[in-house]
Structures are given as C-alpha cells and as structure tokens.
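Right, dumping it as structure tokens:
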C-alpha cells in the first residue's frame, strides 16, 4: 500500500483517544498532518495528545477537541469547534465503537447501535461542508472483518428493533455504514470520497470491561496486535485514491465485495431513516 506525506493537510479522528483511533491519529501525525483528536473526555483527549507527542518524533501539530456527537446538537457543536480551529479538513476518520453496550439513548435508540453507527452518521453529516470545501478530501469509517461482511443478509432499513440482540444491532450498524458510504458516493460524486475500512488487529482496550472470557480474548489478541493502522494511512494519504468512493477495503487495502443489500435504493432509505433518528 502506498503512503504519502501529509504535510499541510488536516485530519480529524473521532474516537482517537484509544484503540484503532489512537493508532490512526499516531499515523496521521507521523505523516506530518495536523491531527485533531475528537474525544468525549478532556482527560482522554489530552492523554492521547501527550501519547502521540511522545511517540511521534517529527510529527505534525496534534490537538484535541472534546464533545459528544450522540445528539444532532452535539455533533453540530463539534463541527463548529472544528471550523474555529481550521479552514480545511482533508480527512475525517471515524473509529468509535463498542461491544456489548447496554441501555438506550434518550431518544430510545439502543446504545450499541448509537455508538457503532448513529454517532458516525451525525458527525459525518455535520462535517460534510468542511470536507466539501477541501479538494480531494476523504471520510473513512471503521468496519469489521470481511468474513463478517459476507454474512450480512437482510437488515432493517426503516428503523432499529430495540429488543434485538447486541450481535444483530452491531451487524445492522455495519450494514448501515456501508449503505451510508454508498449513498454519499451516489449523490455527491464531486464531493469527498467516503469509504469503510477494516483496520485489522490493532492493540485496543475495547474488551477490557467485558466478561472474563472476552477480556481473555482481548488480552491474547493484543499479544499479536499491531500498533499502526496502515490501511488508513494509505486511504487518507494516497492522492491516487481521490474520487474512489462507496467501497470497503480490508487491512491490506484490497476491495471487499459488498453484500447484496448495498443498493442505491436501500442506501437512500437508510439515509432517510438516519435523518429521522438523528435528533
């Protein structure tokens, strides 16, 4: 995978204070980009900035913005904060996620679905004007392993079942990300490229608060995990990829076959439903 220097470019990483997001933020800074970590916690955001500075000799400017995009207002406030910091956004990388999250948002949406899809939609929609103003910009959303994508069949397009299992909700969240990328590629061919990526096995604490078996899986996985998310470095930096949109790629930069549900009609339906849910 080809990777280019990103000096003079600005990247915002949502969920950049840990796991995949932190690996992405480190990579962006290492390539010379001005890197803005979006975090829900002041402490976590500053810790990420300090960590990147410590490990990123020769890095670009790194800073953090704190906010909560779980509501329309929160997402718009974060977008406003970004515009106050910079007049360009070359790449927006959305990496937040959770496993086994319980409960519902104030709007009644299961939190596991809200964290794995709805916040990505709300924040991406809010920063689209900045991406539009920046030639060659990219938006990237974290996905799952290609083997899991192949198993996606029919999912609801008109809403979310609040009684669905966490596994079903996470599957729906991934499917909707793929449909979101397809929709934006269809309706904004001259706008930012929007794609979904599988990060590969990246060192993470995602399972640290789960049941003992899952914690053990997390610990073992981290023994073999990578510190860098090279596929995002490739997708965000390579100028040859400008205009290639609506796809999913694996951790080696290879295109992943999308499930049959990813059609223009279904993508439009999901956009309409997402707009209704995002409040």
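Residue numbers (the working numbering): 10 to 288.
Using N, Cα and C, we set each Cβ at its ideal position, and we do this for glycine too.
Asked	Found
Considering only residues of the same chain and omitting the five flanking positions on each side of residue 129, which have a CB-CB separation below 6 Å?	103 and 150
State yes or no: is the C-beta of residue 124 within less than 8 Å of the C-beta of residue 105?	yes
Rounded to the nearest angstrom, what separates residue 43 and residue 37 at their Cα positions?	8 Å
I'd like to check one pair, residue 51 with residue 26: are the Cβ atoms closer than 8 Å?	no
Short check: CB of residue 258 to CB of residue 244, under 8 Å?	yes
Work out the CA separation of residue 273 and residue 256 for me, nearest whole Å.	13 Å
Please go through the same chain and pick out, in chain order, the residues whose beta-carbon is closer than 8 Å to the beta-carbon of residue 288, but skip the five residues on each side of it.	80, 81 and 116
Please return the same chain residues whose Cβ sits closer than 7 Å to the Cβ of residue 155, not counting the five positions on each side in sequence.	207, 259 and 265
How should residue 144 be labelled, buried or exposed, when 16 other C-beta atoms within 10 angstroms of its C-beta is the threshold for buried?	exposed
Identify which residue in 100, 166 and 270 has its Cα closest to the Cα of residue 283.	166
Report, in whole angstroms, the separation of the C-beta atoms of residue 127 and residue 118, which I expect to be a contact under 8 Å.	6 Å
Where in the segment 45-83 do unbroken runs of the alpha helix (DSSP H), each at least 4 residues long, occur, reported from the N-terminal end onward?	51-64
Starting from residue 249, follow its DSSP beta bridges and name the residues at the other end.	According to DSSP, which records beta bridges pairwise, residue 249 is partnered with nothing at all.
Take residue 114 and list the residues in its own chain whose beta-carbon comes closer than 7 Å to its own, dropping the five residues that flank it on each side.	79, 120 and 123
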